[in-house]
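Numbered by this note's numbering, the letters in the sequence shown go through residues 118 to 428 in order. All C-beta atoms, glycine included, are put in the ideal place defined by N, C-alpha and C. Please read all numbers here as calculations on a predicted model, not as lab measurements.
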Amino acid sequence: MFRNLFGVLLALGLGAAWAAPARAEKPLKVVATLSTFSDLVKTIGGDRVEASHVASPRFNPHFIEPRPSDVLKVKKADLFIHAGLDLELWRWPLVDAAGNPAVRPGGERELDLSRGVSLLGVPIGSVSRAEGDIHLYGNPHYWAGPQNGPILARSIAGKLSQIDPAHAADYQRRLDDFLKELEQARQRWARAAAGGRGMEVICYHDAWPYLEAFLGLKTELFLEPKPGIPPTPQQILRAEGRIREQGVRAILQAGYDPPAAAEALRRKTGVRVVTLCQNVGEKPECGDYLGMMDHNVREILSALEGRSPDE
Ligand SMILES: [Zn+2]
């Protein structure tokens, strides 16, 4: 009797378990400092991740003031991704405020994307923030060069697989698809850039050395006398001299860089002012990583060739 009853209950229980819908798996909550990183996380993670970012792409990523809602997001994050170096001077105060030990430096849920990147502009000798410099450990704008895309994508896939090994094959498949698409685009960009190699451009902030390295361009002068220090009248005069003497055709800046200095130089010399996307979403045409690279490469090359980007 008891055995039968037990059997009935067991059957009912199992039946109920089979009838109930499988409990939906919760996606990983990934918080990135920058929209470019959260875009790559969405590409690699697909529906396994719920990715967001702290810094609006419409503002300078060096100088962001996180909101209380960002603190809450980082507190609940399964993974926190950042640029490392001294790109986000606001990053560790945000993590401290969130009180989530796993995302602190060296924590198992923290990913510093600068690891594995060959850095440009690593200072030789001593430098100090007292002089205003905000690139003390090497240039931190490495994601803006497409040659670093595979390194970032692999880092993200590796970390997602480490904290969610059950879906490692999914992450690997999406990574492979992305790398294939990026490689095709990279070849297209490299072919388009062939004619401009060796040309000089001026930049507002030292934010584009990786993209310039990819395109074979060079910069000898920035409108900021030091990274983070606004243009001075002397520096603008130096830039004017450089444009006239070296035949510099373009000034590169992000949409959030103050436009007055470049605009004054454009009026005086006819130099082209090229407004690039530093991060995904800064302009509608920079809607994802590949779209942003496409836009930036096209804008720069068309300015150097003296035509409009749509021609
Ligand atoms: Zn910078």
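Three-way DSSP call (helix, strand, coil) for residue i in this model
i, result
"residue 392", "strand"
"residue 182", "coil"
"residue 387", "coil"
"residue 339", "strand"
"residue 137", "Bear in mind that a pLDDT of 44 at residue 137, under 50, signals an unreliable position, so the number given afterwards is only what the model happens to contain. Three-state DSSP puts residue 137 in coil, outside helix and strand."
"residue 423", "coil"
"residue 212", "helix"
"residue 197", "strand"
"residue 146", "strand"
"residue 229", "strand"
"residue 166", "strand"
"residue 412", "helix"
"residue 255", "strand"
"residue 283", "helix"
"residue 205", "coil"
"residue 368", "strand"
"residue 317", "strand"
"residue 432", "It is not possible to answer for residue 432, since the shown part of the chain is limited to 118 through 428."
"residue 176", "coil"
"residue 494", "This structure does not reach residue 494, given that the chain is present from 118 up to 428, and the question cannot be answered."
"residue 151", "coil"
"residue 271", "helix"
"residue 294", "helix"
"residue 417", "helix"
"residue 303", "helix"
"residue 265", "helix"
Any non-hydrogen atom of ligand 1 closer than 7 Å to residue i Cβ
i, result
"residue 323", "yes"
"residue 319", "no"
"residue 181", "no"
"residue 257", "yes"
"residue 251", "yes"
"residue 344", "yes"
Alpha-carbon to alpha-carbon, residue j and residue i
i, j, result
"residue 192", "residue 199", "15 Å"
"residue 194", "residue 253", "29 Å"
"residue 237", "residue 255", "6 Å"
"residue 277", "residue 162", "7 Å"
"residue 210", "residue 334", "36 Å"
"residue 183", "residue 230", "20 Å"
"residue 269", "residue 375", "29 Å"
"residue 402", "residue 173", "16 Å"
"residue 296", "residue 152", "19 Å"
"residue 407", "residue 299", "7 Å"
"residue 383", "residue 390", "7 Å"
"residue 142", "residue 275", "20 Å"
"residue 215", "residue 187", "9 Å"
"residue 260", "residue 323", "13 Å"
"residue 360", "residue 156", "36 Å"
"residue 332", "residue 409", "15 Å"
"residue 234", "residue 344", "21 Å"
"residue 220", "residue 396", "23 Å"
"residue 398", "residue 420", "22 Å"
Test: residue i CB closer than 8 Å to a CB of chain B
i, result
"residue 382", "In the displayed structure, chain B is absent; only one protein chain is listed."
Three Cβ pairs or more, each shorter than 8 Å: is that satisfied between the segment 318–331 and the segment 280–287?
no
Do the segment 285–294 and the segment 352–362 touch if we need at least three Cβ pairs shorter than 8 Å?
no
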